[in-house]
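Protein sequence lines, in the order shown, are assigned to chains A and B.
The numbering used here numbers the first residue of the first sequence as 1 and each following residue consecutively.
The numbering used here numbers the first residue of the second sequence as 1001 and each following residue consecutively.
Every residue, glycine too, gets a C-beta built ideally from N, C-alpha and C.
Here the structure is a predicted model, which is why all the values come from computation and not from measurement.
Notes for the one structure printed next.
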Amino acid sequence: MKILVSWLREYVEVPVGTDQLASDLMMRGFEVASIEPVPGRPDDAVIDFEITANRPDCLSVFGMAREVSVAYGTPLRMPDSAAPQDVAVGRVRPSPAPVLRVTVERADLCPVYCAAVMDVSIGPSPAWLAERLVLSGVRPINLIVDVTNYVLLELNQPLHAFDHATVGGAHLMVRTARDGEPLTTLDGQERTLSDDMLVIADQHRAQAVAGVMGGAETGITPTTSTIVIESACFEPAQVRRTRRRLGLSTEASYRFERGTDPSMPAVALRRAVALIADLGAGTARPGVIVVGDAARSARRVSLRWARIGRVLGMQVPADEVERILTALGFVLDGAESRHATSPVWEVTVPGWRGDVTREEDLIEEVARCAGYDRLPVTYPSMLAPPARVAPRLVRDARIRDLLVGAGFAECVTFTFIEQRAAAPFDPAPIAIANPLSELFAVLRPSVLPGLIDALSHNRRREQRDLRLFELGTRFTSAEGETRSLAVGWTGAAAAEHWSGSGRAVDVYDVIGLVQRVAAALHVRLDVEPTEHPALVSGRAGRVVRVDADGRRVPVGLVGDLAPTVAEARGLPTSDPIIVAEVDLDLAAPDYDPDRTVISQPLPRHPSVIRDLSIVVPADLPAARVRGTIHAAAPPTLVGVREFDRYQGTALPAGSVSLSLRLTFRATERTLTDGEVHAATDAIVAALVAEHGAALR
Amino acid sequence: MLDIDALTRLRDDFADSLGKVSTAADLQLLRDTVLGRKAGAITALYGTLGGLSTDRKREVGRALNELKAFVEAGLDARKTQLEAASAPMPSADLTLAPRPLPVGSRHPLNAMRERIERIFARMGYEILDGPETEDDWHNFEALNMPADHPARDTQDTLYLQQPFAQGTRATGDARSGVSLRPATLLRTHTSAMQIRYMERGAPPVRIIAPGRVYRRDNLDLTHTPMFQQVEALVVGEDVTMADLKGTLLGFAREFFDQRTPIMFKPSFFPYTEPSAEVFVGCQSCFGSGCSMCKRTGWIEIGGSGMVHPSVFEAVGIDPERYTGFAFGMGIERLALLAHRVDDIRAFYENDLRLLEQFAS
Chain A
1 MKILVSWLRE
11 YVEVPVGTDQ
21 LASDLMMRGF
31 EVASIEPVPG
41 RPDDAVIDFE
51 ITANRPDCLS
61 VFGMAREVSV
71 AYGTPLRMPD
81 SAAPQDVAVG
91 RVRPSPAPVL
101 RVTVERADLC
111 PVYCAAVMDV
121 SIGPSPAWLA
131 ERLVLSGVRP
141 INLIVDVTNY
151 VLLELNQPLH
161 AFDHATVGGA
171 HLMVRTARDG
181 EPLTTLDGQE
191 RTLSDDMLVI
201 ADQHRAQAVA
211 GVMGGAETGI
221 TPTTSTIVIE
231 SACFEPAQVR
241 RTRRRLGLST
251 EASYRFERGT
261 DPSMPAVALR
271 RAVALIADLG
281 AGTARPGVIV
291 VGDAARSARR
301 VSLRWARIGR
311 VLGMQVPADE
321 VERILTALGF
331 VLDGAESRHA
341 TSPVWEVTVP
351 GWRGDVTREE
361 DLIEEVARCA
371 GYDRLPVTYP
381 SMLAPPARVA
391 PRLVRDARIR
401 DLLVGAGFAE
411 CVTFTFIEQR
421 AAAPFDPAPI
431 AIANPLSELF
441 AVLRPSVLPG
451 LIDALSHNRR
461 REQRDLRLFE
471 LGTRFTSAEG
481 ETRSLAVGWT
491 GAAAAEHWSG
501 SGRAVDVYDV
511 IGLVQRVAAA
521 LHVRLDVEPT
531 EHPALVSGRA
541 GRVVRVDADG
551 RRVPVGLVGD
561 LAPTVAEARG
571 LPTSDPIIVA
581 EVDLDLAAPD
591 YDPDRTVISQ
601 PLPRHPSVIR
611 DLSIVVPADL
621 PAARVRGTIH
631 AAAPPTLVGV
641 REFDRYQGTA
651 LPAGSVSLSL
661 RLTFRATERT
671 LTDGEVHAAT
681 DAIVAALVAE
691 HGAALR
Chain B
1001 MLDIDALTRL
1011 RDDFADSLGK
1021 VSTAADLQLL
1031 RDTVLGRKAG
1041 AITALYGTLG
1051 GLSTDRKREV
1061 GRALNELKAF
1071 VEAGLDARKT
1081 QLEAASAPMP
1091 SADLTLAPRP
1101 LPVGSRHPLN
1111 AMRERIERIF
1121 ARMGYEILDG
1131 PETEDDWHNF
1141 EALNMPADHP
1151 ARDTQDTLYL
1161 QQPFAQGTRA
1171 TGDARSGVSL
1181 RPATLLRTHT
1191 SAMQIRYMER
1201 GAPPVRIIAP
1211 GRVYRRDNLD
1221 LTHTPMFQQV
1231 EALVVGEDVT
1241 MADLKGTLLG
1251 FAREFFDQRT
1261 PIMFKPSFFP
1271 YTEPSAEVFV
1281 GCQSCFGSGC
1291 SMCKRTGWIE
1301 IGGSGMVHPS
1311 VFEAVGIDPE
1321 RYTGFAFGMG
1331 IERLALLAHR
1341 VDDIRAFYEN
1351 DLRLLEQFAS
């Protein structure tokens, strides 16, 4: 709200300069967006205040003047309206037919409707009026329209002027629109109305959207000779719904949807009529129409002095409370109890303060005007149980630290992504109804798409060695919201070095990382071959959680990123890109951050190691070889691990030499040579039988 | 007297002793003990061969020769080992490039959020977790923002096309019935978590609710459609606005500097009454005015206020008996200020050259 300081001074004495005024009002809750000088008037300025949604009364010069009067204790002067004698507020006084008839069909949506008819000549506004509008950010049009805007800015009461000649049947009706009813609004747009919108109609059709915008047909033109000025109060939620449906926000709708003072339409109408007459632009027809109860019963709210202290933690003297609220326009009863130890007031709320509905609202007025700087500094004293941290947050923090320790940089990417980035992970992701753009159209079903974009961003900026991760929420119809870890690794696994020990990353590095995460989560994760649209065929793994009962639950994926997916995101595919995702909620549903470890006794007897080299078909998964070995071995076999894999001309085509290291140990005794021998023989026999393995 | 068993025992004893030898002197001593020309055990055994029959002499003699060969080989091998151990290692140029361990880093936004969490955890606050998709009740209605409330405009909301079941992992306790409403929107503030918490139990309450929130804002220097918040809520029988001021002053001094001043400015939030915007003394100019604080000497860090009685009523807490305060801060804003980053979008590019500066 742009406030011209010289205009403001018409209603209240301002004992300070512009900067001080701006600062003082800021400390009373009116944020200052800017202060602009007025050319040629060094003492004047335009202060642009940001008015919060609860204070529509301050969307006006007079409303701000009231705050100034409270701030400095200076008197507030009402604008001089020179009211015609026959305007009576609060009574219906029909004007003599056939000048104008007004019917309000929906008094619930339009509690007050006032109208006056004037014979006018259309011309420009005087310079002072036009200048005030321009400095307040409103474009002057002609005197009639300008006066309606002037009174809007002055009193926060939107007015609208119709060309009387165009009002069919000289009859205005406040009614709901017919479904599909057309209306061309003042901005020239053809609009289709619906039956939940309120309109001002003449005998034939809708001529204005109530509280939002007038119609083109009944607008003021240079040839208009008689006008109808409308000054009304419309129900806020109704205006807001209509404004949203039409996508049409105006100075009027902005004010109506925040709530206007029902006693103001008559006052503002009187003011507008007087201004037009005083400026020599018209004369009013006798009889002003007032439909509705302008002086409807005011709200009353109790205020307990003791409660003020209890909420604020500071005592505001009772007479100061009374002074503040009275200056703001509240009427206080119960003054006789002022000298009681704890007064209680019955407070009548003025019509322009629709935001004040209960005691706390009054307490805020007291606190705001007494000054927040007077609040003492204390600390809450309270017996609360020991504070805990949500277990998932502890888990996430530990996993993040683990990844950072492994040399990964943490990323934060947007939760909503492009549909086609989501597609390889979920063909039917959760869609946003009103996305900002196609780039943010769906909730991510996986954290990987964002990470792939982060890889792409860096890879295109001369960064070849990338280890990135993000831990965040993903959204799927099947699992709801779950938190997931995504990693992307490309370039070196071991950096280039003069000793020649550099090495590029491959999928086994990332599977190792997944296993490390499993260890931190205290679960067993396995990788099984799969096919996935985002991963290279034949190099795609499904991460499964293996429960104690052998159940295998899919919790993620790991593998080489498919070049089609990488290229679609501008990610160069010259180096392998390994990605993995592990849904932490699925992988560790029972994660307990405070898990107590029950220790196992250390082995007291030496282990025996036997190495075994076998030739098996190349497409036989190592996991199956290990499975066969475990099935054939006694419980003393405690470890099996591949330590060499060789494929070459010395072997039959399609076969591979696999070297395995077997570790045997018994808990209660030293194993004998014979036992280990027997076990190894059984294992070899099983490998031969199951897989046609040949011993090398 | 002289038999094969004795030779085996001698062999075992020798092997045992050899393993324990750690110096050249000890090795010489062992050599003398076994092979010495005068008192050597094996030398002595050779001397007894003469008293045996021809067959026995041949048999024992061969065994004795084998033993001698074993002992000599063992002594020689051990000697070589000891010599190698005492030889100097070749020198290394330690100024050559090392094999670097890869450097990991925490994202500045998450690191900032966790720093704030730690400060409040030390003050005894419980740290909450909650869903990022929400229903209208938890995000708006219960927070005194009924449908058609104009304040909803300032938090322009992203809605979901279809109702979405977040699942109890995200919403917490399934038995409370709290999670039965499917989500219809992306939460515009983490206050929704506070409602869920208060629905689950009675005061006292002392919690913080961190997490991602969403508004339909276009990307620019200072706005992103997604950002992170930390909100706090304290409810008890005697919680006052002065307590709010003390708590925020305590936080500001812990987070910024022990001399940092704070200032409350009246404001409006539907869920608090009275409401205040929170400012801290500018960390760049310390109050004298600079471009960072737009020459005001103060920097806004968040919003706060006393919990609106309608919010208490919505979650079944008696507003006559209990009072409470709440405040919220935007992580991005604090991170921009702290790290002197001038474009919020830089935090979401994940450029390694920026991230690496936050190595941890």
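Tell me, please, whether the CB atom of S702 of chain A is closer than 8 Å to any CB atom in chain B? The requested residue 702 of chain A does not occur in the structure, where chain A is confined to residues 1 to 696.
Flag this pair as yes or no: are the beta carbons of S121 of chain A and G371 of chain A separated by less than 8 Å? The Cβ atoms of S121 of chain A and G371 of chain A lie no closer than 8 Å to each other.
Could you tell me whether the Cβ atoms of D1148 of chain B and A478 of chain A are closer together than 8 Å? Cβ atoms of D1148 of chain B and A478 of chain A: not closer than 8 Å.
Answer yes or no: does any C-beta atom of chain B fall closer than 8 Å to that of D57 of chain A? Chain B contact via Cβ: absent.
Could you tell me whether the Cβ atoms of V1239 of chain B and I1262 of chain B are closer together than 8 Å? 8 Å or more divides the Cβ of V1239 of chain B from the Cβ of I1262 of chain B.
With 16 as the cutoff for other CB atoms within 10 Å, does D1343 of chain B come out buried or exposed? Counting every other CB atom within 10 Å of its CB across the protein chains shown gives D1343 of chain B a total below 16, marking it as exposed.
Same chain, Cβ closer than 6 Å to V138 of chain A, five either side skipped, listed in chain order: Taken in chain order, the residues that qualify are N149.
Give me the chain B residues within the contact set of W498 of chain A, using Cβ-Cβ distance strictly less than 8 Å, ordered along the chain. The answer, in chain order, is L1096 and A1097.
Cα-Cα separation between P94 of chain A and S6 of chain A, rounded to whole angstroms: Low per-residue confidence applies at P94 of chain A: pLDDT is 49, beneath 50, and the placement is therefore not dependable enough to give any value.
Taking only beta carbons into account, state which residues of the segment 442-462 of chain A come closer than 8 Å to chain B, listed in chain order. Within the segment 442-462 of chain A, the qualifying residues are L443, A454, H457, N458 and R461.
Quick one, are the C-beta atoms of V356 of chain A and S302 of chain A less than 8 Å apart? Going by C-beta atoms, V356 of chain A is not nearer than 8 Å to S302 of chain A.
So, does the CB of I363 of chain A fall closer than 8 Å to a CB anywhere in chain B? With 8 Å as the cut-off, I363 of chain A counts as an interface residue toward chain B.
Ignore the nearest five residues each way along the sequence and tell me which others in G654 of chain A's own chain have a CB closer than 7 Å to its CB. Leaving aside the five residues that flank G654 of chain A on each side, the residues in its chain whose CB is nearer than 7 Å to its CB run, in chain order, P617 and A618.
Since E257 of chain A contacts R243 of chain A with CB under 8 Å, what's their CB separation in whole angstroms? Confirmed, Cβ separation roughly 6 Å.
Please report the distance separating the alpha-carbon of N1139 of chain B from that of C1282 of chain B. For N1139 of chain B and C1282 of chain B, the distance between alpha carbons rounds to 32 Å.
At least one CB of chain A closer than 8 Å to the CB of D1220 of chain B: is that the case? For D1220 of chain B, not one C-beta of chain A is nearer than 8 Å to its own C-beta.
Once you ignore the five residues that flank L1010 of chain B on each side, which residues in its own chain have a CB closer than 7 Å to its CB? Once the five neighbours on either side are set aside, the close Cβ partners of L1010 of chain B are A1041 and L1067.
Where the segment 393-423 of chain A meets chain C: residues whose CB sits under 8 Å from a CB there: Protein chains in the displayed structure are A and B, and chain C is not among them.
For the 8 Å Cβ check, are there 3 or more pairs between the segment 115-135 of chain A and the segment 145-163 of chain A? Yes: the two stretches touch, three or more of their Cβ pairs being nearer than 8 Å.
Does H1107 of chain B have its Cβ less than 8 Å from a Cβ in chain A? Interface residue, yes.
Counting only beta-carbon separations shorter than 8 Å, does R191 of chain A have a partner in chain B? No, R191 of chain A does not count as interfacial toward chain B.
Using the beta-carbon of each residue, which ones in chain B are nearer than 7 Å to V311 of chain A? Simply T1240, M1241, M1306 and T1323.
Distance check for E481 of chain A and E1131 of chain B, CA to CA, integer angstroms please. Going by the sequence as given, residue 1131 of chain B is Pro instead of Glu. Distance between the alpha carbons of P1131 of chain B and E481 of chain A: 7 Å.
Looking only at its chain, what residues have a beta carbon closer than 6 Å to the beta carbon of P15 of chain A, apart from the 5 residues adjacent to it on each side? Taking C-beta separations shorter than 6 Å and ignoring five residues to either side along the sequence, the partners of P15 of chain A in its chain run Y72, following chain order.
Grouping DSSP H, G and I as helix and E and B as strand, with all else coil, what is C114 of chain A? Reduced to three states, the DSSP call for C114 of chain A is strand.
Closer than 7 Å by beta-carbon distance: list the chain A residues that pair up with S1267 of chain B, in chain order. Neighbours of S1267 of chain B on chain A, chain order: G29 and T52.
Go ahead and pull the three-state DSSP assignment for I1349 of chain B. With the sequence shown as reference, residue 1349 of chain B is identified as Glu, and Ile is not the correct amino acid for it. Correct three-state label for E1349 of chain B: helix.
Indicate whether at least one CB of chain A lies closer than 8 Å to the CB of M1292 of chain B. When Cβ-Cβ separations below 8 Å define contact, M1292 of chain B makes no contact with chain A.
Just checking my contact of D196 of chain A with H171 of chain A at CB under 8 Å: how many whole Å lie between their CB atoms? At roughly 23 Å, the Cβ-Cβ gap does not stay under 8 Å, so D196 of chain A and H171 of chain A are not in contact.
Mark E1126 of chain B as exposed unless 16 or more other C-beta atoms lie within 10 angstroms of its C-beta, in which case mark it buried. Per the 10 Å Cβ criterion, buried.
Answer yes or no: do I220 of chain A and D163 of chain A have a C-beta to C-beta separation smaller than 8 Å? Yes, the Cβ-Cβ distance between I220 of chain A and D163 of chain A is below 8 Å.
Could you pull out every residue in the same chain whose Cβ sits closer than 6 Å to the Cβ of H677 of chain A, ignoring the five residues on either side in sequence? Non-local C-beta neighbours of H677 of chain A in its own chain, meaning closer than 6 Å and more than five positions away in sequence, are absent.
Given a cut-off of 8 Å on the beta-carbon distance, is the pair G639 of chain A and I577 of chain A in contact? No, they are not a contact pair.
Burial state of T1184 of chain B (16 or more Cβ within 10 Å): Burial call: buried.
When DSSP labels each residue in this structure, what does W498 of chain A get in the three-state scheme? Of the three classes helix, strand and coil, the one that applies to W498 of chain A here is coil, per DSSP.
Roughly how many angstroms lie between the CA atoms of D1003 of chain B and S1017 of chain B, to the nearest whole one? CA-to-CA, the gap between D1003 of chain B and S1017 of chain B works out to about 22 Å.
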